[in-house]
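Enquirer: Going by our numbering, the first residue of the sequence shown is number 849, and it counts up by one from there. Beta carbons: idealized from backbone N, C-alpha and C, even for Gly. None of these values were measured; they are calculated from a predicted model.
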Amino acid sequence: DDYEGTDRTVDVHIRRLRKKLGHFQDRIQTVKQIGYKFMDREDS
849 DDYEGTDRTV DVHIRRLRKK LGHFQDRIQT VKQIGYKFMD REDS
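#1: Looking at the structure shown, is Thr854 part of a helix, part of a strand, or coil, going by DSSP?
#2: Is Arg866 closer than 8 Å to Ile876 when the C-beta atoms are compared?
#3: Would you tell me roughly how many angstroms separate the C-alpha atoms of Arg864 and Asp850, rounded to the nearest one?
#4: Under the DSSP definition of a beta bridge, which residues are partnered with Val879?
#5: What is the DSSP secondary structure of Asp859, reduced to helix, strand or coil?
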């Protein structure tokens, strides 16, 4: 029985990453129906 996680596994990891990034948490942007992307300073 291999554990495959849930459909919210990535969301949980992103939430934890954002918390650790603190002031820079807005660098991780949600892209609807695609996923996430990391914004560089030049992207903003």
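Expert: Short version:
#1: coil
#2: yes
#3: 24 Å
#4: Gly883
#5: helix
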